[in-house]
Amino acid sequence: MESVKECSKVTAPGTAARQWACVLDNGPEWGPLVLDNTCKEPWVCSDVCQMSTFYTQLQLYLRMIKFAHSIFALPLALIAVVLAVPQSEPGYGQPGTWLLILKIVICMVALRSAAMGFNRLIDARYDAANPRTAVREIPAGLIPRDRAAAFVLVSLTVFILVALTINRLAAILSPVAIIAVLGYSYTKRFTWLCHFFLGLAIGLAPGAAWVAILERIDWLAAYWSLGLMFYIAGFDILYSCQDWTFDRRQGLFSLPARFGVGPALWIARLTHLVALVFFTWAGLAHSAGLVFFGGLVCVALLFVYEHWLVRPDKLDQIPLAFFNVNAIVSTLLFVVVVLDELFRIPTGL
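Going by this note's numbering, the sequence shown opens with residue 61, and the numbers climb by one from there.
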């Protein structure tokens, strides 16, 4: 632990953004932009500034890749696991099944980490120019570009090595997944359909989990993947409303930048409606019961609440709608699928 000389607002290297920093005996340690003379974790400014180097670096990289946002797609990939495992020969009774599930989770986390790190790398110039994103780790100088690139390469290596141990089809299709998740980052340069490319990239998760377990692609997995695609695209449209003026000035493409916030919000509503249709088809395809469809009604109500929160005159509600509501949606879908499998109550349909 090093003694603190001061905790002051200074200019971080590589950016014009003013940030609070814990200034130690050997120089400043940069913290994210905050209000008042207080640093966010892992920078603690009080009488003493305590820093654990490993913990600090870990927090930086997890924040760079928005690790908490894994909760949007991972539950839907696990839905595919819940539905596919009973169709496999070993079922849940063999240790190999649980090892396979662990491999699926590792592949998902590794590929998502690579995609987010890659996105932060190639968008660093735009992030530095945008007041909302100027304090992100790369433009703020918290993570050097070469280390971010190394992080991406390590994540891709983990994904490839684990995918190769799953089955032949998973190994063959792994480059397709890599191209999809990395390629999305460039789509904002040339098309306002970029939100749907993001949805497609993340929407591969249920299908990929299905392939990992059954080594084939079925319509049930396709319905879940398409539902996830439109679900992700819908809330990405909402999220991009925060930057529509910046995107226009920079020549970046998005639905809000192309058509304005009002029309973009309507497209997001229709997109979430399409997601509900695919989720419904998925339920019908595997003869889901009342628990599942009751949960789907709750998901529909959450979508209504989300779109009630985010309006042209209430864009400040986007963070709440983006993370809190969508985290509940994805988790709720997973929970009702599990409960429906355990306690099936036929619908009579």
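Positions of the beta carbon are idealized from the N, C-alpha and C atoms, including for glycine.
Using only the alpha-carbon positions, how far apart do residue i and residue j sit?
{"i": "L136", "j": "T116", "result": "31 Å"}
{"i": "A268", "j": "A230", "result": "7 Å"}
{"i": "I388", "j": "G156", "result": "31 Å"}
{"i": "D85", "j": "L120", "result": "Low per-residue confidence applies at D85: pLDDT is 39, beneath 50, and the placement is therefore not dependable, though the value from the model is reported in the following sentence. Their Cα atoms are separated by approximately 22 Å."}
{"i": "F403", "j": "V142", "result": "14 Å"}
{"i": "F250", "j": "T331", "result": "21 Å"}
{"i": "T340", "j": "E401", "result": "16 Å"}
{"i": "G263", "j": "L286", "result": "6 Å"}
{"i": "F353", "j": "P406", "result": "10 Å"}
{"i": "R371", "j": "I226", "result": "45 Å"}
{"i": "D187", "j": "I125", "result": "14 Å"}
{"i": "R207", "j": "I232", "result": "29 Å"}
{"i": "L399", "j": "V337", "result": "21 Å"}
{"i": "G408", "j": "P150", "result": "30 Å"}
{"i": "V236", "j": "L171", "result": "12 Å"}
{"i": "V321", "j": "W304", "result": "8 Å"}
{"i": "F114", "j": "R205", "result": "19 Å"}
{"i": "R123", "j": "F257", "result": "23 Å"}
{"i": "A240", "j": "A175", "result": "9 Å"}
{"i": "V364", "j": "G355", "result": "14 Å"}
{"i": "V357", "j": "Y246", "result": "36 Å"}
{"i": "E197", "j": "G349", "result": "46 Å"}
{"i": "S112", "j": "L202", "result": "Residue confidence is low: S112 scores 44 on pLDDT, short of 50, so the model does not pin down where it sits. No coordinate-derived value is stated."}
{"i": "R276", "j": "C167", "result": "18 Å"}
Could you work out which residue in the options is closest to residue i when comparing CA atoms only?
{"i": "K163", "options": "A174, K374, I273, I292", "result": "I273"}
{"i": "V397", "options": "H367, L344, D373", "result": "L344"}
{"i": "L146", "options": "H346, W304, L380, I182", "result": "Leu is not the amino acid found at residue 146; the sequence shown has Pro there. Checked all of H346, W304, L380, I182; the closest Cα to P146 is H346."}
{"i": "R309", "options": "A128, N190, F132", "result": "N190"}
{"i": "I161", "options": "D400, A223, A210", "result": "A223"}
{"i": "I238", "options": "L260, L253, R228, L350", "result": "L260"}
{"i": "F295", "options": "R329, G354, L264, R318", "result": "R329"}
{"i": "H129", "options": "V169, D187, Q154, W158", "result": "V169"}
{"i": "Q302", "options": "K374, V241, R172", "result": "K374"}
{"i": "V395", "options": "G408, H367, V351, W368", "result": "V351"}
{"i": "T293", "options": "W326, A281, F127", "result": "In the sequence on display, residue 293 carries Ala and not Thr. Of the candidates W326, A281, F127, the one whose C-alpha sits nearest the C-alpha of A293 is W326."}
{"i": "A209", "options": "R192, L242, E149", "result": "L242"}
{"i": "A144", "options": "L118, W158, I220", "result": "W158"}
{"i": "S173", "options": "A184, A200, F127", "result": "F127"}
Between which two residues does the alpha helix (DSSP H) carrying residue i extend?
{"i": "K163", "result": "155-182"}
{"i": "Q310", "result": "304-310"}
{"i": "H367", "result": "350-369"}
{"i": "G322", "result": "321-345"}
{"i": "Y291", "result": "279-300"}
{"i": "P235", "result": "228-247"}
{"i": "H129", "result": "Per DSSP, H129 belongs to no alpha helix (DSSP H) and is neither H nor E."}
{"i": "F257", "result": "254-274"}
{"i": "L138", "result": "134-144"}
Can you tell me the Cβ-Cβ gap for residue i and residue j, rounded? I've got them flagged as a contact below 8 Å.
{"i": "I139", "j": "P266", "result": "6 Å"}
{"i": "L315", "j": "A324", "result": "4 Å"}
{"i": "L393", "j": "V359", "result": "6 Å"}
{"i": "F382", "j": "L298", "result": "6 Å"}
{"i": "W284", "j": "D278", "result": "Between D278 and W284 the Cβ distance is about 10 Å, and since that is not below 8 Å, they are no contact."}
{"i": "L362", "j": "V385", "result": "6 Å"}
{"i": "F178", "j": "V212", "result": "5 Å"}
{"i": "F290", "j": "A335", "result": "4 Å"}
{"i": "S390", "j": "I131", "result": "6 Å"}
Three-state secondary structure (DSSP) at residue i?
{"i": "L399", "result": "helix"}
{"i": "R207", "result": "helix"}
{"i": "R318", "result": "helix"}
{"i": "N386", "result": "helix"}
{"i": "F250", "result": "coil"}
{"i": "L224", "result": "coil"}
{"i": "G151", "result": "helix"}
{"i": "A194", "result": "coil"}
{"i": "G87", "result": "Note that G87 has pLDDT 41, beneath the 50 cutoff, so the model's placement of it is unreliable and the number below is only indicative. Three-state result, G87: strand."}
{"i": "F410", "result": "The first residue shown for the chain is 61 and the last is 409, placing residue 410 beyond what the model contains."}
{"i": "A381", "result": "helix"}
{"i": "L213", "result": "helix"}
{"i": "D187", "result": "helix"}
{"i": "D373", "result": "coil"}
{"i": "T391", "result": "helix"}
{"i": "T407", "result": "coil"}
Residue i: beta carbon under 6 Å from a heavy atom of the ligand MG?
{"i": "A324", "result": "Here there are no bound small molecules, and the ligand MG is not part of this structure."}
Cβ of residue i less than 7 Å from any chain B Cβ?
{"i": "M176", "result": "The structure shown contains no chain B; it is built from a single protein chain."}
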